[in-house]
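Peer 1: The structure is given below, and queries will be raised subsequently.
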Amino acid sequence: MTNIRIEVLNKCEQVGRRRVVNVYLIYISKELPPKLYEEICGLFYNKVIQDCRYYSYNENLEEVQYDFIEPQAKWGLEISFRPGMTDNVGNTTKQIITEYLISKGHIDEDIYIKARSSKLILGKGRIPTEDDIKQEFNPITEYCTLVYKENGNCYWRHYGKYKKFTQYQSVKKDAKSVDLNVSDQELEKISRDGIDGNGTLGLSLAAMKAIKDYFKKLGRNPYDIELESLAQTWSEHCKHNIFCSPIDEIKDGLYAHYIKRATREINSDICVSVFSDNAGGIIFDDDYLIVDKVETHNSPSALDPFGGAMTGVLGVNRDIVGFGKGAEPIMNTYYFCFAKEAKGKFYRDKERTDEILPPKYIMKEVIHGVNVAGNCSGIPTQLGSVYFDDRFCGKPLVFVGSVGIIPRNINNAPSHIKGPKNGDKIVIIGGRVGRDGIHGATFSSEALSGNSPSTIVQIGDPITQKKLSNAVIKARDLGLYNAITDNGAGGLSSSIGEMGKDGFEVDLSKVLLKNDGMAPWEIWISESQERMTLAVPEENLPMFKQIMKKHDVEVSVIGEFNESGRAVVKSPEGTVIMDMETEFLHDGNPRMHLQTKPWSKGLPAPCAGMTTSSPSLEIELKEMLSRPNICSKEFIVVQYDHEVQGSSVLKPLQGKGRVCSEAIVSRPVLSSNKGVVKSQGFGSSYGEIDTYHMAACAIDTAIRNYVAAGGNINHLALLDNFCWCDAYNPERLWQLKRAAEACYDFATAFKTPFISGKDSMFNDFKGYDENGEKVMISAPPSLLISAIGVIENIENAVSLDVKMPGDLIYVLGTTHDELGRSEYQLYSGIDNNNVPKVDAKSARKLYERYNQAIKDGIIASAIAPSLGGLVIALAKSLIAGDLGAEIDLSLVPIGKIQNTGIANKIIMFSESQSRILVTIAPQNQQRFKELFKGVVYSYIGEVTEKKVLNIKDVLKVNLKDLESSYTS
1 MTNIRIEVLN KCEQVGRRRV VNVYLIYISK ELPPKLYEEI CGLFYNKVIQ DCRYYSYNEN
61 LEEVQYDFIE PQAKWGLEIS FRPGMTDNVG NTTKQIITEY LISKGHIDED IYIKARSSKL
121 ILGKGRIPTE DDIKQEFNPI TEYCTLVYKE NGNCYWRHYG KYKKFTQYQS VKKDAKSVDL
181 NVSDQELEKI SRDGIDGNGT LGLSLAAMKA IKDYFKKLGR NPYDIELESL AQTWSEHCKH
241 NIFCSPIDEI KDGLYAHYIK RATREINSDI CVSVFSDNAG GIIFDDDYLI VDKVETHNSP
301 SALDPFGGAM TGVLGVNRDI VGFGKGAEPI MNTYYFCFAK EAKGKFYRDK ERTDEILPPK
361 YIMKEVIHGV NVAGNCSGIP TQLGSVYFDD RFCGKPLVFV GSVGIIPRNI NNAPSHIKGP
421 KNGDKIVIIG GRVGRDGIHG ATFSSEALSG NSPSTIVQIG DPITQKKLSN AVIKARDLGL
481 YNAITDNGAG GLSSSIGEMG KDGFEVDLSK VLLKNDGMAP WEIWISESQE RMTLAVPEEN
541 LPMFKQIMKK HDVEVSVIGE FNESGRAVVK SPEGTVIMDM ETEFLHDGNP RMHLQTKPWS
601 KGLPAPCAGM TTSSPSLEIE LKEMLSRPNI CSKEFIVVQY DHEVQGSSVL KPLQGKGRVC
661 SEAIVSRPVL SSNKGVVKSQ GFGSSYGEID TYHMAACAID TAIRNYVAAG GNINHLALLD
721 NFCWCDAYNP ERLWQLKRAA EACYDFATAF KTPFISGKDS MFNDFKGYDE NGEKVMISAP
781 PSLLISAIGV IENIENAVSL DVKMPGDLIY VLGTTHDELG RSEYQLYSGI DNNNVPKVDA
841 KSARKLYERY NQAIKDGIIA SAIAPSLGGL VIALAKSLIA GDLGAEIDLS LVPIGKIQNT
901 GIANKIIMFS ESQSRILVTI APQNQQRFKE LFKGVVYSYI GEVTEKKVLN IKDVLKVNLK
961 DLESSYTS
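Take the sequence shown: its letter number 276 is residue 276 in UniProt numbering, and every next letter is one higher.
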């Protein structure tokens with residue numbers, strides 16, 4: 001028996017006074033020849049750029065040789081996953097050693113290997129304080145040990161190690177009967193606290209009474225697994241009760257009345273599969289469909305930002321794999337909403353022992369989670385952005401998206417049509433089932449509080465999922481299955497329940513498990529990652545299993561789809577513990593009738609602003625470029641591989657100045673010049689004044705970013721992601737209704753159908769402040785609109801960087817007096833509540849003309865002004881192109897401005913919609929004028945070789961200073 005510790009240090013990599021060491025802790029159940037240990041160590045480092053050492057150690061951590069691989073280090077902070085958490089690096093380490101020992105002939109039946117990983121931070125300066133250490137690890141998923149040296153001695157401090165990993169101690173394998181013949185108060189308690197305190201069911205009293213009545217008719221009490229299955233199936237996360245329930249005079253609910261109706265009335269011929277599958281699908285060309293899905297992983301990311309963000313990406317990738325007969329992911333996207341800081345300390349519990357995670361830690365780990373998920377899966381992350389508001393300190397918003405491609409026909413049948421057939425076997429492939437992710441669906445349907453269990457936390461395994469994805473595509477092309485879907489929220493309960501609406505029977509003894517002693521209900525609703533459910537004809541099972549084995553993907557056949565109309569589940573002992581009608585499972589949830597109440601708080605007071613005096617416009621421009629919502633996010637972008645798969649055309653960083661883009665172009669079929677265009681528009685701040693106009697602006701922003709890059713306005717579809725707060729509050733519901741109404745109005749006006757979406761209705765934190773007083777922090781109502789479509793020729797794609805001195809600068813569209821809740825208002829405190837409004841009719845006309853200009857190849861550069869307005873867009877374009885400009889603001893087309901004394905500020909910083917700033921070569925001026933006749937546009941200046949932005953009679957600033965502000 002041997003315990004080996006391997007430490008690997010990059011020779012040149014250093015952050016400040018800190019060095020990071022990768023640590024691998026390996027247990028081998030028998031002694032090996034000494035030379036073999038040295039060979040094993042050599043598998044984990046590159047001798048040219050890394051130093052490495054290894055030694056045996058005792059399991060007692062304090063006997064590790066903390067003489068540090070970096071001799072000048074004064075202290076070390078070692079961070080490891082807690083027992084039970086998925087350790088992908090540790091799992092890969094075990095696999096590497098196992099394969100190596102097999103190759104050397106040292107593996108036999110008696111040998112046992114296990115491995116885990118950790119990160120050791122070494123420092124030379126002062127010893128970290130407890131507050132410093134909180135920024136480095138998450139006690140829900142990790143523990144850490146601080147080791148420091150004083151007077152020649154070593155001292156240890158442990159953090160988080162002894163906190164229980166899970167609230168669940170379930171070892172009982174039998175299902176439990178639950179008596180619902182109790183008072184309404186007791187029913188509410190069961191829903192709130194769960195069965196035996198096992199975590200919230202999140203069901204309303206009406207839902208609990210409906211379940212009680214149903215089982216009363218059956219003459220028995222429900223088993224715990226039946227209650228848990230109904231709770232996840234009826235959860236807000238899965239059923240979207242608020243978005244689908246009658247509200248005021250709208251009997252069919254906001255989703256059907258506004259979102260689905262818009263798509264139905266537009267009746268676009270590019271739409272193939274909308275609202276009915278794991279993702280939405282539109283035509284790409286004669287041979288392929290492109291599919292798109294955007295999810296939120298807000299609640300998990302609040303508790304474990306790394307695992308929450310990672311599983312968000314992997315989950316949305318599985319949505320793509322689960323579209324139709326199985327699509328292939330080709331691109332990832334993201335949009336993050338973070339707080340810069342928390343206004344005080346906040347706790348989940350009244351005793352103030354469970355503090356929420358620091359905003360900087362959340363940001364760092366969310367970024368890291370998306371990095372690992374995408375980069376390790378070989379899927380490019382090509383588009384993303386970040387928005388800051390301190391109200392996201394209780395719950396960040398983590399939007400993650402994925403785009404895929406699938407042949408239009410597979411084996412002479414439409415690829416988007418699927419469904420299990422009577423007698424098909426229920427087959428689960430991929431990762432095993434564990435206690436991670438239990439109650440994820442019900443937890444995500446409520447506000448974050450002290451009752452939120454740690455077992456909702458999951459850490460994904462992108463390597464396992466990549467193997468699964470490859471295997472699925474192979475099995476798909478051979479026609480080996482009839483239907484596929486992912487195991488997302490609710491696990492087996494959700495995937496099998498949705499696929500088996502006509503009936504199914506499951507044997508839980510056939511499910512492969514990570515953990516011993518799991519209760520049947522835990523197996524059924526666990527959201528452990530990297531799993532897909534398929535309907536496979538029995539005669540295809542041998543070939544199917546052979547393909548999975550070749551790709552190292554585990555398979556279990558756990559039941560059968562049938563036409564019984566019943567959902568039947570057997571315990572591992574063979575007892576029927578779930579037997580109910582599938583109709584009740586899916587449609588038995590009593591519908592609420594929601595009522596709204598107009599927002600009573602009125603217009604927000606003018607912002608305090610960040611300035612104490614009235615600085616010059618030059619200083620204001622520089623400080624605006626430095627604002628977190630405007631400045632460069634290159635430090636995030638460069639962490640994501642956007643070039644893998646070789647499809648990137650228009651990049652996430654553009655021009656010599658590497659400016660972050662708001663739209664990208666990708667080439668999914670390398671033999672074709674046709675491209676996919678993807679963009680986003682986010683609405684949040686404007687909602688403080690009116691959520692109707694906020695939603696309209698989000699739609700227009702996504703569309704104009706898409707159009708500016710060269711996307712065809714007539715081959716465009718939208719996705720909606722609503723993130724609301726306190727959604728049972730009638731005033732918040734009124735805001736939601738206003739936003740949904742705008743989605744209908746502007747989607748139909750622009751003729752851009754919705755194809756998919758998602759809503760998250762309770763982005764609130766309920767807890768306690770540092771004085772033990774109750775607090776509720778609600779994220780502002782937010783809406784992310786994603787646009788996806790086609791550019792016929794990728795060579796016509798337009799980047800945002802100005803190209804040549806002498807090029808002419810034009811602005812398309814009108815600038816209005818609209819500074820309400822703009823970045824400039826938030827910065828300066830200027831008293832202006834005119835929120836931007838969208839004129840879809842004139843915008844659509846402008847975008848159509850612009851499309852023709854793209855096809856004619858006369859647009860040299862283009863950028864769609866957004867946060868910060870016209871002058872910020874101009875500055876970004878110049879920074880990207882490393883050139884200057886001469887500008888005359890008096891030439892900018894403007895609407896009525898009430899306060900003419902600040903006209904220049906309004907023209908510079910107004911966030912009016914439907915505008916595009918373009919440059920063209922002088923020889924294209926005549927054709928440009930012909931194309932844009934009848935729409936609002938104006939020549940406003942020229943690109944210059946002199947690297948100065950000179951705005952006539954207003955300001956003159958060096959490009960280097962602008963770039964410094966943008967990148968600082």
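Every residue, glycine too, gets a C-beta built ideally from N, C-alpha and C. What you are looking at is a predicted structure, and each value in this text was computed from that prediction instead of being measured.
#1: Whole-angstrom Cβ separation of Q645 and I785, contact assumed at under 8 Å?
#2: Return helix, strand or coil for N409, following the three-state DSSP convention.
#3: Quick check for students: name the residue ranges of the alpha helix (DSSP H) that lie wholly in the UniProt domain "PurM-like C-terminal" (422–569), counting only runs of 4 or more.
#4: In three-state terms, what does DSSP make of V835?
#5: So for A797, helix, strand or coil by DSSP?
#6: Could you spell out where the alpha helix (DSSP H) holding I698 opens and where it closes?
#7: Let me know if K421 comes out buried or exposed under the rule of 16 or more other beta-carbons within 10 Å of its beta-carbon.
#8: Quick test of your reading: F765 and F346, contact by CB under 8 Å. State the CB separation rounded to the nearest angstrom.
#9: Is it a yes or a no for the region 144–162 touching the region 188–196, going by three-plus beta-carbon pairs under 8 Å?
#10: Can you tell me whether T2 is buried or exposed? The criterion is at least 16 other CB atoms within 10 Å of its CB, across all chains shown.
#11: Can you give me the Cβ contacts of I630 inside the same chain, cut-off strictly under 7 Å, excluding the 5 residues immediately before and after it?
#12: List the whole-angstrom C-beta distance separating A739 from Y686, where the pair is believed to meet the contact cut-off of C-beta under 8 Å.
#13: Are the beta-carbon atoms of G434 and S526 separated by less than 8 Å?
#14: Determine the DSSP secondary structure at F584, reduced to helix, strand or coil.
#15: Quick check on G48: buried or exposed, where buried means 16 or more other Cβ atoms within 10 Å of its Cβ?
#16: Span of the alpha helix (DSSP H) holding V386?
#17: In the DSSP assignment, find the unbroken alpha helix (DSSP H) run with P730 in it and report its ends.
#18: Tell me the residue span of the alpha helix (DSSP H) that contains T311.
#19: Is the region 806–820 close to the region 729–749, with three or more CB pairs under 8 Å?
#20: Quick one: what's got a C-beta closer than 6 Å to K325's C-beta in the same chain, skipping five residues either side?
#21: Return the residue from the list V20, S56 and Q50 that minimises the CA-CA distance to Y37.
#22: For P83, count neighbouring C-beta atoms within 10 Å of its own C-beta (all shown protein chains included) and say buried if the count is 16 or more, exposed if not.
#23: Is it true that the region 382–402 meets the region 352–363, where meeting means three or more beta-carbon pairs spaced less than 8 Å apart?
#24: Give every residue of the same chain whose Cβ lies closer than 6 Å to the Cβ of F932, excluding the five residues on either side of it in the sequence, and list them in chain order.
#25: Please report the straight-line C-alpha distance between K956 and M804, rounded to a whole angstrom.
#26: Is A698 buried or exposed, if buried means 16 or more other CB atoms sit within 10 Å of its CB?
#27: Would you kindly report the start and end of the unbroken alpha helix (DSSP H) that includes V892?
#28: Taking only the alpha-carbon atoms, compute the straight-line gap between Q898 and I830 and give it to the nearest angstrom.
#29: F336 lies in the beta strand (DSSP E); which residues open and close that run?
#30: Relative to the C-alpha of D213, which residue among T233, E228 and L187 is closest?
#31: Just to confirm before moving on: does the CB-CB distance between G711 and I794 stay below 8 Å?
#32: Kindly indicate which three-state DSSP category Y824 falls into: helix, strand or coil?
#33: So does the region 91–110 actually touch the region 123–132, counting three or more Cβ pairs closer than 8 Å?
#34: What three-state label does DSSP hand T611 in the structure shown?
#35: Going straight from the alpha carbon of C723 to that of G857, what length do you get?
#36: Does the Cβ of I6 have 16 or more other Cβ atoms within 10 Å, making it buried, or fewer, making it exposed?
Peer 2: Looking at the coordinates:
#1: Actually they do not touch by this definition, with Cβ atoms about 26 Å apart.
#2: The answer is strand: DSSP assigns N409 an E or B state.
#3: Within the UniProt domain "PurM-like C-terminal" (422–569), the complete alpha helix (DSSP H) runs of at least 4 residues are 440–443, 462–477, 491–499, 520–525 and 541–550.
#4: Assignment of V835 by DSSP, reduced to helix, strand and coil, places it in the coil class.
#5: Here A797 sits in coil by DSSP.
#6: Per the sequence presented here, residue 698 reads as Ala, with Ile not at that position. First-last of the alpha helix (DSSP H) with A698: T691 to A709.
#7: With fewer than 16 Cβ atoms within 10 Å of its Cβ, K421 is classed as exposed.
#8: The beta carbons of F765 and F346 sit about 7 Å from each other, so the pair counts as a contact at 8 Å.
#9: Result no; under three Cβ-Cβ pairs closer than 8 Å.
#10: For T2, the number of other beta carbons within 10 angstroms of its own is below 16, and it is reported as exposed.
#11: Excluding residues within five positions, the ones whose Cβ falls inside 7 Å are M624, E823, L867, G868 and I872.
#12: Not really, about 10 Å apart at Cβ, beyond 8 Å.
#13: Yes, they are a contact pair.
#14: DSSP places F584 in helix when its eight states are reduced to three.
#15: The displayed chain sequence assigns Val, not Gly, to residue 48. With fewer than 16 other beta carbons inside 10 angstroms of its own, V48 counts as exposed.
#16: If you look at V386, you'll find it isn't in any alpha helix (DSSP H); it sits in the beta strand (DSSP E) that goes T381 to F388.
#17: Where P730 is concerned, the enclosing alpha helix (DSSP H) stretches over P730 to F750.
#18: Counting along the chain, the unbroken alpha helix (DSSP H) around T311 starts and ends at P305 to V321.
#19: They do not touch, by the three-pair rule.
#20: Within the same chain, and ignoring the five residues on either side of K325 in sequence, the residues whose Cβ sits closer than 6 Å to its Cβ are I410, S415, K418 and R476.
#21: Checked all of V20, S56 and Q50; the closest Cα to Y37 is S56.
#22: That one is exposed.
#23: Yes, the region 382–402 touches the region 352–363.
#24: Counting only Cβ-Cβ distances below 6 Å, and skipping sequence neighbours, we find R849.
#25: Note on geometry: alpha-carbon atoms of K956 and M804 lie some 20 Å from one another.
#26: Its Cβ being crowded by 16 or more others within 10 Å, A698 is buried.
#27: Annotation: V892 is outside any alpha helix (DSSP H) and is labelled neither H nor E by DSSP.
#28: So the alpha carbons of these two residues sit roughly 14 Å apart.
#29: From DSSP, the beta strand (DSSP E) with F336 extends over E328 to F338.
#30: Of the candidates T233, E228 and L187, the one whose C-alpha sits nearest the C-alpha of D213 is L187.
#31: A distance of 8 Å or more separates the beta carbons of G711 and I794.
#32: Reduced to three states, the DSSP call for Y824 is helix.
#33: As far as the Cβ criterion goes, the region 91–110 does not touch the region 123–132, which means the pair count is below three.
#34: With a pLDDT of only 45 at T611, under 50, the local geometry of the prediction cannot be trusted, and no value is derived from it.
#35: Their backbone Cα atoms lie some 39 Å apart in a straight line.
#36: With a 10 Å radius around the Cβ and a threshold of 16 neighbouring Cβ atoms, I6 comes out buried.
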